[in-house]
Amino acid sequence: MDSIKFYLNDYEIEGESFTEVVVAINGEPLLELIKRREQSFAAKDGQASIAGGYAYLSLIDFEELFLRAALEADLAQDERDVVLLGCPCGIWSCWYLALKIKFETETVKLYEFKNLRRKDWQYGLEFKFDRVSFVSEISKIASFNKL
490 MDSIKFYLND
500 YEIEGESFTE
510 VVVAINGEPL
520 LELIKRREQS
530 FAAKDGQASI
540 AGGYAYLSLI
550 DFEELFLRAA
560 LEADLAQDER
570 DVVLLGCPCG
580 IWSCWYLALK
590 IKFETETVKL
600 YEFKNLRRKD
610 WQYGLEFKFD
620 RVSFVSEISK
630 IASFNKL
């Protein structure tokens, strides 16, 4: 069984404060895991520097693009598309990593990772988490008072 953790990270850019949601799977930051996976794809495309060129989502975007979809997937007992990483420019939809989430009886599955701007990149990633642990992790973020 895989493990997932969500952390809040506060930072400043040009005097403005932001909060992002950092994701770690099996103890590894998701940004690093995806960068490693994309290196060969990007190099093959002649654009090695774009591998892993994402940012964690702001707290507000995380609520909209991950938490709400995860709740819908759970309630509908169906899969949903979610986003965990967006563009570093701050507009998540410029360049993002999408995936599917599915709540099962005892597990939560994240799979079919894809960058819709690079449809030929096949990530081959699938993670399964204990449902109780997963819900506990997202509850920490959902209950954070900045939402």
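Per our numbering: the sequence shown = residues 490 to 636. Glycine included, C-beta positions come from ideal geometry on N, C-alpha and C. This structure is a prediction, so every number in the text was calculated from the model and none was measured.
Problem set entry | the region 607-627 / the region 492-506 touching (three or more Cβ pairs under 8 Å) | At 8 Å Cβ cutoff, the stretches touch.
Exercise. Quick one: is Glu615 near chain D, going by C-beta distance under 8 Å?
Worked result: Annotation note: the requested chain D is absent from the structure, which comprises a single protein chain.
For this session: Identify the continuous beta strand (DSSP E) that holds Ile502 and give its terminal residues.
Result: Where Ile502 is concerned, the enclosing beta strand (DSSP E) stretches over 493-502.
Problem set entry | Asp550: first and last residue of the uninterrupted alpha helix (DSSP H) it sits in | Asp550 -> alpha helix (DSSP H) spans 548-551.
Exercise. At which residues does the beta strand (DSSP E) containing Lys591 begin and terminate?
Worked result: According to the DSSP assignment, Lys591 belongs to the beta strand (DSSP E) that extends over 586-592.
Exercise. Mind checking whether Cys545 and Leu564 have CB atoms under 8 Å apart?
Worked result: In the sequence under discussion, the amino acid at residue 545 is Tyr, which differs from the Cys named in the question. Going by C-beta atoms, Tyr545 is not nearer than 8 Å to Leu564.
Problem set entry | Between the CA atoms of Asn515 and Ile580 - distance to the nearest angstrom | Linking Ile580 to Asn515 through their CA atoms gives a straight-line distance of about 28 Å.
For this session: Check whether the region 570-587 touches the region 599-611, taking contact to mean three or more Cβ pairs, one atom from each stretch, closer than 8 Å.
Result: Three or more beta-carbon pairs drawn from the region 570-587 and the region 599-611 are found closer than 8 Å, and the two stretches are therefore classed as touching.
Problem set entry | DSSP bridge partner residues for Ala559 (one or two, in chain order) | Answer by DSSP bridge pairing: none, since Ala559 is not bridged.
Exercise. For the putative contact between Val510 and Leu497, defined by C-beta atoms under 8 Å, what is the C-beta separation to the nearest angstrom?
Worked result: Right, the Cβ-Cβ distance comes to about 6 Å (below 8 Å), so this counts as a contact.
Problem set entry | Collapsed DSSP secondary structure at Glu626 in the structure displayed | DSSP, reduced to helix, strand and coil, places Glu626 within a helical segment of the structure shown.
Exercise. Since Ala559 and Ile590 are thought to touch, with beta carbons under 8 Å apart, how far apart are those beta carbons, to the nearest angstrom?
Worked result: Their Cβ separation, rounded to whole angstroms, is 5 Å, which keeps Ala559 and Ile590 in contact under 8 Å.
Problem set entry | Whole-angstrom distance between Leu522 and Glu626, CA atom to CA atom | Looking at the two C-alpha atoms, the distance is approximately 19 Å.
Problem set entry | Where Phe623 falls, given that 16 or more other Cβ within 10 Å makes a residue buried | So Phe623 counts as buried.
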